[in-house]
Structures are given as C-alpha cells and as structure tokens.
Ligand code: DAT
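In full-length UniProt numbering, the protein residues as written are 1 to 174.
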C-alpha cells in the first residue's frame, strides 16, 4: 500500500542534534515525531538496562512492531542513533547528522554522560559509524549527511529537509 506522506529517518551519533532537528522538522511539516529512545524507555521496548553501555538494550522486534502501523500511514519523523534494524521500505529519506568532535564532546558533557560514554560516542562520530550503517542499510540516493555544528546549521538543515519532503509530496504518493 502506498503512503500519502513520506517517512523520514533522522539519525546520527548521540548529541549531533537529532531530537532538536526532528522536532522542528515535524512541526514545520505537521508530521509526527517518533523519538525511538523515548519510546524504548517509556513503552518498555527493551530487555533491560545494559551496565556496560549505560543504556537500555533495545528490543528490535518490539520497536518495529510498535511503529509498524504509524509507519504504514506515513508522515513520520523518526529520530534514532541506530538505523540498521528498521525495514528499508519504511523510509523515503535518511538524514545523517554530523558534528565536529569538540562541539560533540561539549554537548555530551553538558548532558552529564560519563567520560567513557563521551569517548565512545566521539569515537563513533570520528569513525562515521552511523553514516556507514545508513549507507549499508538504504539506497545511496536517499542517504543525506548534513553538518550540525551550530545554530545556523540547525536552521539551514531544517529548511533543507522540509524542502526535500515538500518536493517528494509534490511528486505524488510513494
Ligand atoms: P541528539 O538527539 O542527536 O542526541 P539533541 O537534539 O538532543 O541531540 O542535541 C544535543 C544538544 O545539542 C542539545 O542541548 C541541543 C544542542 N544542539 C543540537 N543541535 C545543535 C546545533 N546544530 N547547534 C548547536 N547546538 C545544537
């Protein structure tokens, strides 16, 4: 069944600006913002707390089951740091946000992350782990990296993403 409105995934290392960007994009388009991390925590879509990685062990099947009906409807901005376990057919656009190391370090420190967790995330960003994961999981033409170092970037990214989505909607159902 075709979707009348596209679905967008906004991914990237924690701290790159996914939630901030997703909220603004969803607001501008009148789309639903799905913050997967929040869903995992609030709806119990996990198999417990992981002491080593200091996060919940997300249950991929539970997450995908919980999202399926809304994704079939379309009009979703999905915000998550991982992207390889969602069905490929769900997304019309995959944005990978990127931030420079010092900026990312400061943001994660302000968030109160442990030194170890900050280091792991900054390394993940340097190695472009999420971009690689996105490139391996989706068609290259729908994967778009965007720099998110400052508020000018944020404003520009929101306008760019909204423009892409409006273009897709003008082109008709997917
Ligand atoms: P994420 O959802 O990727 O973990 P976030 O949206 O929660 O990231 O942003 C982390 C912090 O950084 C938050 O305090 C807002 C700020 N921020 C996000 N994008 C930014 C940008 N482009 N420029 C400056 N600050 C930004």
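Glycine included, every Cβ here is placed at the ideal spot set by N, Cα and C.
- With respect to the C-alpha of residue 22, the residue from 170, 102, 158 and 108 having the closest C-alpha is 158.
- Put simply, of 89, 131 and 55 the residue whose alpha carbon is nearest the alpha carbon of residue 37 is 55.
- Under the three-state reduction of DSSP output, residue 150 falls in the coil class, being neither helix nor strand.
- Going by DSSP, residue 22 is part of the alpha helix (DSSP H) stretching over 18 to 29.
- At least one heavy atom of the ligand DAT lies less than 7 Å from the C-beta of residue 154.
- A direct Cα-to-Cα measurement between residue 139 and residue 164 gives close to 16 Å.
- Shortest Cα-Cα distance from residue 171 to any of 24, 156 and 92 involves 92.
- Exclusion of residue 42 from the 7 Å shell around the ligand DAT follows from its C-beta lying no nearer than that to any non-hydrogen atom of the ligand.
- Here the region 39 to 50 makes no contact with the region 94 to 105; the two share fewer than three CB pairs at distances below 8 Å.
- For residue 13, there is no enclosing beta strand (DSSP E), as DSSP marks it with neither H nor E.
- According to the DSSP assignment, residue 35 belongs to the beta strand (DSSP E) that extends over 32 to 35.
- Setting aside the 5 residues that flank it on each side, residue 148 is surrounded in the same chain by 12, 16, 17, 21, 97, 98, 99, 154 and 157, each with a C-beta closer than 8 Å to its C-beta; the list follows chain order.
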